Every structure is written in C-alpha cells, then in structure tokens.
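Count along the sequence shown starting at 1, add 43, and that's the number in our numbering. These notes concern the structure reproduced below.
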Amino acid sequence: MDDADGPQTTAICMPAFAEELQEHIVVEQNIISQSAQVALDAALVGTRWTGVVEGEFGQASTQFHYISSAVAVWNVLEVWGGDVKDVVVFDEQNHIVARNVKLLQRLGADNGKRFEIDHDITEIQRTILSYPVTALYGRGASLTTEGDEGGETQYLDFAAVEWSTASGDPTNKPLGQAWVGDPQALQKYGRQYEGELLHREGIWQDQDIEDPELLLQKTWEHLPKVSVPEVHYRLSVHLLEHMAGYDHEKVSLGDTARAIDRQFSKPIEIQTRIIAVEYDLTDIEGTAMVEMGQFLSVHEEDDRIDRIEADIDRNRGKWDSEAQPITNERYPNIKPQTPANARAEGGFQVIQLYWDYSNEVYVHYYEVYGSQVKDFVPDRQHLLWRGKVGAFAHNVETDQQWYYRIRAVNTHGTASDFTHEVTASTVRVITDDLLFGEDLAARLRELNEVSRIIGENGVDFDQISEVAKNIIQQEARTYTDEEIEEKRQELMQEIAKKAGLEYVDGQLQLKVDQADFDNLQNTVIDLNSTINDIEIDIANKVDAEWVDGRLLTKADKDNTYTIEQVDNALNAKVSLTEYDVDKDGFIIRFEDNETAIIQNAEQIEQRATRTEFEELEDNVGGISTRLSDAETAITQSAEAISLIATKTESLDERVTANKSSIEINAEAIEQKVSLSEYETDQDTLNQRIGSAESLIQQNADEILQRVTVTEFEGLQISGRNLVLNSAFKGGSGDYWSGFFSIADEGTFSDHSALFVAHLLDHAI
Numbered sequence: 044m045d046d047a048d049g050p051q052t053t054a055i056c057m058p059a060f061a062e063e064l065q066e067h068i069v070v071e072q073n074i075i076s077q078s079a080q081v082a083l084d085a086a087l088v089g090t091r092w093t094g095v096v097e098g099e100f101g102q103a104s105t106q107f108h109y110i111s112s113a114v115a116v117w118n119v120l121e122v123w124g125g126d127v128k129d130v131v132v133f134d135e136q137n138h139i140v141a142r143n144v145k146l147l148q149r150l151g152a153d154n155g156k157r158f159e160i161d162h163d164i165t166e167i168q169r170t171i172l173s174y175p176v177t178a179l180y181g182r183g184a185s186l187t188t189e190g191d192e193g194g195e196t197q198y199l200d201f202a203a204v205e206w207s208t209a210s211g212d213p214t215n216k217p218l219g220q221a222w223v224g225d226p227q228a229l230q231k232y233g234r235q236y237e238g239e240l241l242h243r244e245g246i247w248q249d250q251d252i253e254d255p256e257l258l259l260q261k262t263w264e265h266l267p268k269v270s271v272p273e274v275h276y277r278l279s280v281h282l283l284e285h286m287a288g289y290d291h292e293k294v295s296l297g298d299t300a301r302a303i304d305r306q307f308s309k310p311i312e313i314q315t316r317i318i319a320v321e322y323d324l325t326d327i328e329g330t331a332m333v334e335m336g337q338f339l340s341v342h343e344e345d346d347r348i349d350r351i352e353a354d355i356d357r358n359r360g361k362w363d364s365e366a367q368p369i370t371n372e373r374y375p376n377i378k379p380q381t382p383a384n385a386r387a388e389g390g391f392q393v394i395q396l397y398w399d400y401s402n403e404v405y406v407h408y409y410e411v412y413g414s415q416v417k418d419f420v421p422d423r424q425h426l427l428w429r430g431k432v433g434a435f436a437h438n439v440e441t442d443q444q445w446y447y448r449i450r451a452v453n454t455h456g457t458a459s460d461f462t463h464e465v466t467a468s469t470v471r472v473i474t475d476d477l478l479f480g481e482d483l484a485a486r487l488r489e490l491n492e493v494s495r496i497i498g499e500n501g502v503d504f505d506q507i508s509e510v511a512k513n514i515i516q517q518e519a520r521t522y523t524d525e526e527i528e529e530k531r532q533e534l535m536q537e538i539a540k541k542a543g544l545e546y547v548d549g550q551l552q553l554k555v556d557q558a559d560f561d562n563l564q565n566t567v568i569d570l571n572s573t574i575n576d577i578e579i580d581i582a583n584k585v586d587a588e589w590v591d592g593r594l595l596t597k598a599d600k601d602n603t604y605t606i607e608q609v610d611n612a613l614n615a616k617v618s619l620t621e622y623d624v625d626k627d628g629f630i631i632r633f634e635d636n637e638t639a640i641i642q643n644a645e646q647i648e649q650r651a652t653r654t655e656f657e658e659l660e661d662n663v664g665g666i667s668t669r670l671s672d673a674e675t676a677i678t679q680s681a682e683a684i685s686l687i688a689t690k691t692e693s694l695d696e697r698v699t700a701n702k703s704s705i706e707i708n709a710e711a712i713e714q715k716v717s718l719s720e721y722e723t724d725q726d727t728l729n730q731r732i733g734s735a736e737s738l739i740q741q742n743a744d745e746i747l748q749r750v751t752v753t754e755f756e757g758l759q760i761s762g763r764n765l766v767l768n769s770a771f772k773g774g775s776g777d778y779w780s781g782f783f784s785i786a787d788e789g790t791f792s793d794h795s796a797l798f799v800a801h802l803l804d805h806a807i
C-alpha cells in the first residue's frame, strides 16, 4: 500500500499447519474403537506433520471420507476431546527438524487469574450474539415408505414419544408434539404475543439415529447449547507478568481466567477460557489484547451443506447393506448412575483416584475432570482422562493440591451426573529451591561441587581429613566442674582487669588505691579520738558521767527539790535597780535588771562566794566555746565522714573494721543547771527560786542546746555562784555591786531573806 505516509507492506501470517493441512485430503479412513493416537495419525497421514497425543482420551470411533486433514483433526477433537497445539522444532542451525500436531488434555491452566478494572484492564468490550433458540425439532434417519416413488424423503421424529416430569423425565412433552422446549429459556427469551410467550424454534438433525426416544434425548441435550446468547469479550490489558514480582500474573492461551467489571449497568462477572492473545512484538505491554468466551458463529463459514454431504457419504454403506452389524448405538440409551464412592489419595508425584466400577452394560467409559481451583465447574478444558476402569493415576508435581469430579458416559454419549468434589495433595518435598530460592540454591550447588566437601546427601564423616578429626576429638573432651570453675575465674579476672575493677568473692568491685585507703583510715581514727576527748571534757565540765552512751548528772537526794516543792517556793528574786536622781533627790531614771542566777542543780549550797561564781562563769563560758568549736569541727567533717563511709561500702564491706559511725548518746546529752531567781521590792523581800534545766543534745551532725526551767520550792542557797561579784567569804555583808549591798539576813513570811541597801542610804 502506497499512501501519504509512503509505501507500506502488511503481512498476515497464518499458522502453517492450518494452511498445509487444508490442502491435503483424507480419502477414506474408518477408525473403530481406537485411541486418539490412531485417529490423529490417520488424519495426518501423507503430510509433513506428526501427531503426538499427551494424555488419556480413551477409545472411540469415527470415519474420514474425502475430507481435508484439517477437518479430520477437528473431528478428532470433537470425538476424543482435548486441545490442539502446533509445534515446530529447530536445530542449532535454525533448520526445521520436526513439525508436530499435539493433542493435549488442555492448553493453559486454571491458575485463578483475574482481570479487573483499575488493576490490569484498561478497556473491556462485550459482544453478545443474541439469537437464542428455546425449542427444537428433532430429525433422525430417513424413513422408507412404500408406494411413494418420486415423493419427498421423510425423516424420523419423536412425536410418538411422551415425556413427563412426574415420571422422572427432564421436562414435559406430550404425545403428538414433534418439538421439545426449555420452559426457563422461554420465560427469558420468548416473544410476547397476545398475552402469551412464543417459542423461538430451531431444528436439530442426526441421520444416524433411528430410535425416536434416542432422537428426543439427543435433541434435548443439544437444546442448552443453542438456548443462550453467544457472548464474546475483548479486553485491553496490561501483561503484568513482564514486571518483576508479578510472575503469578502470567497469561497463556487456553488459560481459565476471570474478568470482572461491575461498572456496567449489567456487571461483567465471568469465568471462561482465553481464546486469543494479541500483541505487538515491539510493544507487548502497551498493545496486549485478550479475547475470552466464545467465537461468534456469525464469523464462521456456513458449512451446513458440507456437513450434509459428509453425513450422506458416511451413511452410504448403511443404505447399501442389507444387514446392519450390532454397534454401540444398539445398546439402550439409558442415563448411567453417578459413580459411587469416589475418593482421592495423594502420593509423591501422583494422585490416585478410585470409584466403584458399574456393571451396567451400556456404560461405555468414565471421564475424570480436575482443576487446582476449588469448586470448579467441570468443562471440556478440565478433562483429564477417559477410560473404562474404576481408577485413574494423575501424575502431577510435588506440593500440589487438586480437585476432581467424575462421571460415567453410555454408548450413546449420554453422561451421568458428576460426583461430589474430591481432593488430594501430593507430598511437599523441602528442597534447596524452596528453602533458599532458585538462584541461591543454584549457587550453593556450584559451591558444593567446587569445594567437594558437602555432597548432595550432606556431609559424610569419611570426607573429613584426619587433622580435622583430631581437632574435633580434642575439642570434644569432657570437662569437670573444677575445670569449668577455674576457667570461669580466669575469665572473670580477665574481664575485671580490662574494666579496671577487682574480682573479689565472686563479685566485681571498684579498685581503691592503698594510699588513699590508708589516709581515709587515719582520718577516721583521728576523728574518733577527737570525739572521745570532747565527750570526756563535756562530762568533766558538767560534773557528769557517761552511762550506756548517755551523759548523766550526779544528783544529790538531799539537795534536789521536787516539782511540788517548787510550786510552793518563794516568789522572790534578786533584782538590780538603778536610780538616777537630781540634786533634789528626785528619781529621773530607773532601771531594773533582773539577775539570772545559773546554778548547777546538784551543787546548790546555802551560800555562794563571789570567787566561785566568777570561776564557774568562766568555766561554763569555756565549755560553751569548746562545744561550739566541737560542733563546727564535726559539721565540717560530716561530708568527709560520709565520703569515707560511702567508699568503704563500695569496697564491698572489706573496710568494715574502719567504718566511722559516730553515735553520741542516742537519747542526747543531758545536763541540768539550776537557775535561782530572787525578786525584792522596797518594802518586802519575796523569794522565788527557779531551776533552769539546761539540756545539751549532741548528735552526729549538730549540737542542740535546750533549757528547761524547773522551779524548786524551798531550795536554800548554798555557797557557790549565787550572785555576781559576791564570793560571800566574809558573810552576806561582804557583797557589793555598784549601788547595792546586802544589809542583813533574816526571815520574811517564814522564809529566809536578804535585805539589800542602796548606797545612797535608801533602804530597799
């Protein structure tokens, strides 16, 4: 073709075997109860093609009479079943060395493939050829009529046969009716006329049938084939099998697949075979087209005349012969019973099927249908075997599960119902390919071959060298518990050395420098010594003693007053009163300084001297200072002592003998000091003796001082530290304190009293 785009050449390539076989004629061949291989060889005799049958198809009969080899091959398909595949074999020089026509159980497989919109379908087209027939007239063999020369030929019909569903027939057909119809097809495709539905009628003819009942049965069996529209689907798809990881999406001619498109007003949901795959070799993924369903008969040639001629030629011998031999057709056409007790048993690479063999003479053979898809609908594509025995061995690969259904067929081709679905699986063999994948398994096999260490059946001890055997024997010796423990100790010591730790008594501990440890230990000893000195000094100053960790004062029963006595004591105290007067003697400033007398409770005497009082004041002040210093020292050492204790604990109690634990009097150091107070006014002397108890509490981290006042009733003044600046060595009149002096001693209200005089000669 030459147009605006330039000259173009279009080549349409047809299958070589179809064209070549169409040009060869099979003159005469009669095949009686032979296998499919015999029939295929007869169809191809005299051509360059060789027939190859793969599968079990049983035995059947047919005739080839002046037909092409191509028509003869299709006739084999119709009688024995299966699918045809043409194969051309090339040698290394690309020379054709063989041409084969293979008869297979089926082309493709049922792998559960699904075509779906938005997945791998870009376009889907449904073509329906809707010429359904709802009723058929049956015509059989020609009838011989007497005295009807030159008239029209009459053919056998089944008008004299009656069917009734009440008698078990598939439908109702009254006597005198020469056609049989399908009520369900009538309701779906019948034509409305005056309130009724009219049948769409057709004719089915088989001039080999001479029995009216058989003619009715065959006509009824043909009716479902023509009572539904012819449907064809054409899909524009992506062949995903060419993409990595999509091997399971592979599509082949003859595969059983599903096509789903629910966007139509009448959704497309089909399961049928792929009858054509079309694509451009230069762009496979972009141009792939898949056809499914049926080939539309509108595109087929009208071969009715050819078929009539073939029938005449095929039956000419019957007309010419005076007697007819007994053939399969002479057996009664009774529908066989469904095979009973069907079961399947899986083996290594075979699945064995069993069922009960029927003793009905009209059962001609059994058919086994199988698929790897559960709940499959048996079809011609699923036919696995045809034979006359009650068992079948299906050879498959390992690790496969198959589902089967079986039926019986009589001599007229009438089939029984299918058995229930049975299933079985072959043994799963764990191979290197399954464990590691094909690529890695192949690599492992190469390595095994090169190394010659690991054979196909694993490692053999004989393959190991003597040196390796000796090493294995040495390493396999038995160790005692002592050896294991010794090795464990070595490993732990090595770990401790690398980590900078010490391994002591089964535990890892921090390592401490000996010099640091000695310094800490000396510091602890010094602190303990200092604390002991402080304790002794405190006990001496307060005239007490340590008992069970507590500091207790020495109490004199005769000189100690009870609380009740204190409650009845004199309410008197010594006061220091200062007066500032002018030249006329008027008081211009008055100060009253209450004198607090601090006295040791156990050492109070009737009189006190000035010297002793001053000495005690100095001593108590010194003790207070030393206690304050001790508190500061202990507080400053608290963190050091805590650090020593912490480090000692981290050494896992190895330094427990040097642990510093300062516990000073769990119930505190108690010291009692009496305070006597005296109050006087200008006219009378009222005495009140109060005792102030001073409680000094010393803990590990602090020293607390608490003073509790206890009044003692009737406590008499002794000779120590009663009044400041008064030693009383010369008696009570020896006291002088600025503006005051003691004038006299005596009693007042039955109580002892001191009378004080002002230096300006004013009596108080």
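Ideal Cβ positions, reconstructed from N, Cα and C, are used throughout, including at glycine. Here the structure is a predicted model, which means the values were calculated and not measured.
Taking residue i as the reference, give the member of the options with the closest Cα.
i    : options                   : result
R450 : T466, V439 and L426       : L426
A319 : H463, L296, I311 and H275 : L296
Q895 : D251, T469 and I377       : Only positions 44 to 807 of the chain appear in the structure, and residue 895 is not among them; the question remains open.
A184 : S112, L257, Q227 and K231 : L257
V404 : R423, R373 and A387       : R373
T462 : D399, N453, M535 and R471 : D399
H455 : V439, N371, A59 and N491  : N371
P272 : Q136, E284, E321 and I171 : I171
D161 : R305, W206 and L396       : R305
D153 : V416, D548, N513 and I473 : V416
V269 : R234, D48 and Y174        : Y174
N438 : A467, G181, A202 and V140 : A467
If I follow the unbroken beta strand (DSSP E) through residue i, where does it start and stop?
i    : result
A86  : Note, A86: premise wrong, no beta strand (DSSP E); alpha helix (DSSP H) at A79 to L87.
F201 : Unbroken run through F201: none, as it is neither H nor E.
I394 : V393 to Y397
L863 : Outside the shown range of the chain (44 to 807) lies residue 863, about which nothing can therefore be said.
E321 : I311 to E321
L241 : E239 to L241
L172 : I164 to L172
A383 : Per DSSP, A383 belongs to no beta strand (DSSP E) and is neither H nor E.
Look up residue i in the DSSP assignment and say whether it is helix, strand or coil.
i    : result
S111 : strand
H437 : strand
D45  : strand
I246 : strand
D129 : strand
Y232 : helix
N583 : helix
G329 : helix
H463 : coil
I303 : strand
S279 : strand
L70  : A small correction: the amino acid at residue 70 is Val; Leu does not occupy that position in the sequence shown. In this structure, V70 counts as strand in the three-state DSSP scheme.
T675 : Below a pLDDT of 50, predicted positions are generally treated as unreliable, and T675, at 49, falls in that range; the measurement from the model is reported next regardless. Helix.
E273 : strand
V223 : strand
Hey, does residue i have any beta-carbon neighbour from chain C nearer than 7 Å?
i    : result
I164 : Among the chains of the structure shown, chain C does not appear; only one protein chain is present.
Name, in chain order, the residues that DSSP records as bridge partners for residue i.
i    : result
M57  : Answer by DSSP bridge pairing: none, since M57 is not bridged.
A484 : According to DSSP, A484 bridges with nothing at all.
K541 : None; K541 has no bridge partner.
F158 : A302
L146 : V96 and V127
R448 : Y412
Q424 : In the DSSP output, where bridge partners are listed per residue, Q424 has none listed.
Which stretch, first to last residue, makes up the alpha helix (DSSP H) that contains residue i?
i    : result
H407 : From DSSP, H407 is part of no alpha helix (DSSP H) but of the beta strand (DSSP E) over V406 to S414.
W92  : Neither: W92 is in no alpha helix (DSSP H) and is coded neither H nor E.
F419 : Note, F419: premise wrong, no alpha helix (DSSP H); not H, not E.
Just checking my contact of residue i with residue j at CB under 8 Å: how many whole Å lie between their CB atoms?
i    : j    : result
R157 : A300 : 7 Å
N376 : Q260 : 6 Å
P255 : D200 : 7 Å
L179 : H265 : 7 Å
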